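In our numbering, the protein residues as written are 34 to 467. Glycine included, every Cβ here is placed at the ideal spot set by N, Cα and C. Fair warning: this is a prediction, and the values are worked out from it, not measured in the lab.
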């Protein structure tokens, strides 16, 4: 396809829409619309803007080319009237999403209110075990099984109506349906066609959990390419499938959830299934996933299992948020008091460490924002530390010969013992002052 621009032609193989065409022009600084002027008043050849050739324009990544959608359209055999009983759900690799029975019920109700109206044309494909190349097509193939790659909800609604209204002639027209028939589609091409169909009809919106499951498939196929590469691939593929413009930033939470370890993602899938069984038309609450990256690995599964047990996402999300804040405060307290570990800080400044819980509900905390009041609290702990000369309280004499590991162990135990004594003395002093 060629588009004329100021006397020159620019080949735009990858521009599937006006928006894509304009974006391509903007990339090369050609953003102004040319005025309608006569031939005589046009600029000389040397003054004209030289448009770059396609050879000099860097196209999309080869793994997810924009032309894939055009290639899939070329595999369309034609439009035919087919028996609805021949239509079956496609294998899992070729599906856009699972069937939502609530959405089927809504479509069914809509058809009941206005029976006899034309039902949307649906895209179908001939199974690959029947034929793999469009040139192999024979019309007799339409009498066998055909896989739905879009319009699954409409077809299921029609089938259920035909079953429920066997004696009602108004619904007989739904025994056959108009279908765009494809042959030789890959799973990715089938999904593109399906999402394109869904975007042109009144359809269920793409939910957060749908995006995560789609991104997971892409992650498993492309993760060996590296984090940046697979995320770039996922951004382009999901954009093509949903016919939207995405960035890695706009999909950051989706991509983060999709790339969890297998045991964690198993729990996530279980939660999605549980949620969809009760709230099939709503997005899964995302807050629980926004705080998970700050939680230690083993704890993630524990929290997700608690969601399943309690069936209360909000409560567990608050628990995760509190745990996240606690870890941040522990890190700040440890650093501010000059200790090496939280264990050391909590022993050395036991009274203040115990009071730290009070800050969890009263202040906002993040990695970038720690309130001044808490910094003052940490400094106060250092100033109020009770100095204890432990050498006057405890004397440990060791008369045996020790190797290096034994000495290291003994020093470690001595420090623990000293801190324990120090903690006890502090409590005694505080009690006496009160």
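Asked: Assuming the contact rule is C-beta atoms closer than 8 Å, residue 362 and residue 398 should be a hit. Round their C-beta distance to whole Å, please.; Found: 6 Å
Asked: In whole angstroms, what separates the C-alpha of residue 111 from that of residue 215?; Found: 8 Å
Asked: With DSSP run on the structure shown, which of helix, strand or coil describes residue 158?; Found: strand
Asked: If we count the other Cβ atoms within 10 Å of its Cβ and call it buried at 16 or more, is residue 264 buried or exposed?; Found: buried
Asked: For the region 112 to 128 against the region 239 to 246, do three or more pairs of beta-carbon atoms, one drawn from each stretch, fall closer than 8 Å, so that the two count as touching?; Found: no
Asked: Should residue 281 be labelled buried (16 or more other beta-carbon atoms within 10 Å of its own) or exposed?; Found: exposed
Asked: Can you give, in chain order, each stretch of the alpha helix (DSSP H) that sits fully within the region 134 to 221 and has at least 4 residues?; Found: 134 to 146, 185 to 197
Asked: Quick check on DSSP: helix, strand or coil for residue 112?; Found: strand
Asked: Roughly how far, in whole angstroms, is the beta-carbon of residue 195 from the beta-carbon of residue 180, given that I think they are within contact range, below 8 Å?; Found: Going by Cβ atoms, the distance from residue 195 to residue 180 rounds to 20 Å, so no, they are not a contact pair.
Asked: Between the C-alpha atoms of residue 174 and residue 187, what's the straight-line distance to the nearest angstrom?; Found: 23 Å
Asked: Are there three or more Cβ pairs, one per stretch, closer than 8 Å when the region 314 to 324 is compared with the region 282 to 293?; Found: yes
Asked: Can you give the Cα-Cα distance for residue 447 and residue 370, rounded to whole angstroms?; Found: 21 Å
Asked: In angstroms with no decimal places, state the Cα-to-Cα distance between residue 454 and residue 445.; Found: 15 Å
Asked: Below 6 Å CB to CB, which residues in the same chain sit around residue 408 once its five sequence neighbours on both sides are set aside?; Found: none
Asked: Are the Cβ atoms of residue 394 and residue 347 separated by less than 9 Å?; Found: no
Asked: Do residue 230 and residue 183 come within 9 Å of each other at the CB atom, strictly closer than that value?; Found: yes
Asked: Going by alpha carbons, who is nearest to residue 315 out of 114, 136, 411?; Found: 136
Asked: CB-CB under 7 Å to residue 140, same chain, minus the five flanking residues each way: which ones, in chain order?; Found: 186, 187, 190
Asked: For the candidate residues 367, 161, 227, 261, whose alpha-carbon lies nearest to that of residue 154?; Found: 227
Asked: Taking the C-alpha atoms as reference points, what is the distance between residue 404 and residue 298?; Found: 35 Å
Asked: My assumption, with CB atoms under 8 Å, is that residue 366 sits in contact with residue 411. Please give the rounded CB distance.; Found: 5 Å
Asked: In angstroms, rounded to a whole number, what distance separates the CA positions of residue 88 and residue 278?; Found: Bear in mind that a pLDDT of 41 at residue 88, under 50, signals an unreliable position, so the number given afterwards is only what the model happens to contain. Rounded to whole angstroms, residue 88 to residue 278 spans 24 Å at the Cα level.
Asked: Could I get the ranges of all uninterrupted alpha helix (DSSP H) runs contained in the region 307 to 379, with 4 residues as the minimum, in chain order?; Found: 320 to 324, 330 to 343, 346 to 369
Asked: Compute the Euclidean distance between the alpha carbons of residue 117 and residue 197, then round it to the nearest angstrom.; Found: 15 Å
Asked: Got a sec? Which residues, its chain only, sit under 7 Å from residue 456 by beta carbon, not counting five neighbours each side?; Found: 380, 383
Asked: Strictly by DSSP, which residues pair up with residue 122?; Found: 181
Asked: Are the CB atoms of residue 253 and residue 127 nearer to each other than 9 Å?; Found: no
Asked: Quick one: what's got a C-beta closer than 7 Å to residue 69's C-beta in the same chain, skipping five residues either side?; Found: Unreliable positioning characterises residue 69 in this predicted model, as indicated by a pLDDT of 48, which lies under 50. The coordinate reading is nonetheless provided below. No residues qualify anywhere along the chain.
Asked: Comparing alpha-carbon positions, which option in 164, 406, 158 lies nearest residue 109?; Found: 158
Asked: Quick check on residue 103: does DSSP put it in helix, strand or coil?; Found: helix
Asked: Measure the C-alpha to C-alpha separation of residue 176 and residue 193 and round it to an integer number of angstroms.; Found: 21 Å
Asked: Whole-angstrom Cβ separation of residue 248 and residue 267, contact assumed at under 8 Å?; Found: 5 Å
Asked: Using the three-state DSSP reduction, which class does residue 388 fall into: helix, strand or coil?; Found: helix
Asked: If you count every other CB in all the chains shown that lies within 10 Å of the CB of residue 450, and 16 or more means buried, which is it?; Found: exposed
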